[in-house]
Amino acid sequence: MILAPIQDRALRSAVRRAALPEEDVFHRLEDVRQALRIGYPRLLVCRAEDQRKLGGELDWRCLNVPVLAVSGPTLRSWEAAWEVDGLAVTSIDDTALRLRSLMAEVARESDWVEDAFSDLTHIVGRGLPPELRGFCRRILEFPIRYSSLTLLGEAFGLSPGALKARFRRRGLSSPSRYLRWFRLLAAARILGEAEETTLSASSRLGFASDGNFCRWVTATSGLTPSSLRDWNGRLLLLIRLAEECLPPGSLEPWESLGGLFLRRVA
5 MILAPIQDRA LRSAVRRAAL PEEDVFHRLE DVRQALRIGY PRLLVCRAED
55 QRKLGGELDW RCLNVPVLAV SGPTLRSWEA AWEVDGLAVT SIDDTALRLR
105 SLMAEVARES DWVEDAFSDL THIVGRGLPP ELRGFCRRIL EFPIRYSSLT
155 LLGEAFGLSP GALKARFRRR GLSSPSRYLR WFRLLAAARI LGEAEETTLS
205 ASSRLGFASD GNFCRWVTAT SGLTPSSLRD WNGRLLLLIR LAEECLPPGS
255 LEPWESLGGL FLRRVA
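Plus 4 on top of the position in the sequence shown (first one is 1) and you've got this note's numbering.
Structure follows, in structure tokens:
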């Protein structure tokens, strides 16, 4: 997830092109604030001229989120370089290529979502399709925003019924099952933080009470919230997730979704 509270429409578009197609890019301040407070953004991109003001409004420094501040002179130098010997056909795509390199340098070195995907790849014995990564990454990075099929479907312009039909036609399990298990993985990540309690974890996941949260964890996985706080418990959860959602032959149908869960570049 990339946070880009930027007013410049051209720079916004360049950031979206530079981001991973499987991840969200948020521009609105209210979305950025919520993501900083209870999500897992890997980078915040802003104009250098706005950095001081945004720092006061968003207070990202205390949250340890990497920041890439791009200055006006840098953008103008890129524009001049593109006119002479551009890296891409359009100026925006040229800027996106330059941004992508900088974003890779500045973003979090250890992305827990990528680590989870890597572990699942080892468990199932093959790489995860981009469509599956796009579906799951959003849930893992911002679980409260995607706490239901309705909310998830809205991100892709689909109703829960239409989403279920897409899965059913391909012989996939209900999207509700994938949503439930990957929210569990997000819960395990939250519970792994020393300062988090079951109450604060339940709030970050959108549950009305910690009692409901604890019952949901146990009913879905057979594990207790306390067992998800250590590495062994989280590994067991990954294994059970793979058994429930990613059995042999279940990944190929995802590839026929045609990029449904990949972000469209604007």
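By construction, the Cβ of each residue, glycine as well, lies at the ideal position given by its N, Cα and C atoms.
Asked, Found
"Would you be able to state if there are at least three C-beta pairs under 8 Å between the segment 248–264 and the segment 193–210?", "no"
"On the criterion of 16 or more Cβ atoms from any shown chain inside 10 Å, does Ile243 qualify as buried, or is it exposed?", "exposed"
"Between Ala73 and Ala52, is the Cβ-Cβ spacing less than 8 Å?", "yes"
"List the whole-angstrom C-beta distance separating Leu79 from Leu15, where the pair is believed to meet the contact cut-off of C-beta under 8 Å.", "7 Å"
"Tell me where the alpha helix (DSSP H) around Gly73 begins and ends.", "Per the sequence shown, the amino acid found at residue 73 is Ala instead of Gly. Note, Ala73: premise wrong, no alpha helix (DSSP H); beta strand (DSSP E) at Val71 to Val74."
"Under 8 Å, do Pro25 and Leu266 count as touching if we go by C-beta distance?", "yes"
"Taking the straight line between their C-alpha atoms, what separation do you get for Gly175 and Pro164?", "17 Å"
"Since Ile6 sits in a beta bridge, which residues does DSSP pair it with?", "Val29 and Leu47"
"Can you find a CB in chain D that lies within less than 8 Å of the CB of Gly76?", "Absence of chain D from the displayed structure is noted, only one protein chain being present."
"Is the beta carbon of Val117 closer than 8 Å to that of Pro70?", "no"
"Hey, would you say Ala190 sits closer than 8 Å to Leu144, going by beta carbons?", "yes"
"May I ask you to verify whether the segment 132–148 touches the segment 181–189, counting CB pairs closer than 8 Å and requiring at least 3?", "yes"
"Pick out whichever of Arg21, Leu58 and Tyr44 has its Cα sitting closest to the Cα of Arg32.", "Leu58"
"Between which two residues does the alpha helix (DSSP H) harbouring Tyr4 extend?", "Since the first residue of the chain shown is 5 and the last is 270, residue 4 is not available in this structure."
"Taking 8 Å as the cut-off, decide whether the C-beta atoms of Leu261 and Arg170 are in contact.", "yes"
"I need the DSSP call for Phe121, collapsed to helix, strand or coil.", "helix"
"Less than 8 Å between the C-beta atoms of Ile10 and Cys50, yes or no?", "yes"
"How would you call Ser81, buried or exposed, if buried means at least 16 neighbouring beta carbons within 10 angstroms?", "exposed"
"Which two residues bound the contiguous alpha helix (DSSP H) that contains Val93?", "Neither: Val93 is in no alpha helix (DSSP H) and is coded neither H nor E."
"Would you mind giving the Cβ-Cβ distance between Arg238 and Ile42, rounded to the nearest angstrom? I have them listed as a contact below 8 Å.", "About 19 Å; that fails the 8 Å criterion."
"Evaluate Gly157 with the Cβ neighbour count: other Cβ atoms within 10 Å of its Cβ, from every protein chain shown; 16 or more gives buried, anything less gives exposed.", "buried"
"Measure the CB-CB distance between Phe146 and Leu132 and report whether it falls below 8 Å.", "no"
"What are the start and end residues of the alpha helix (DSSP H) that includes Gly215?", "Asp214 to Ser225"
"State the Cα-Cα distance for the pair Ala92 and Asp98, rounded to the nearest angstrom.", "5 Å"
"What would DSSP say about Glu135, mapped onto helix, strand or coil?", "helix"
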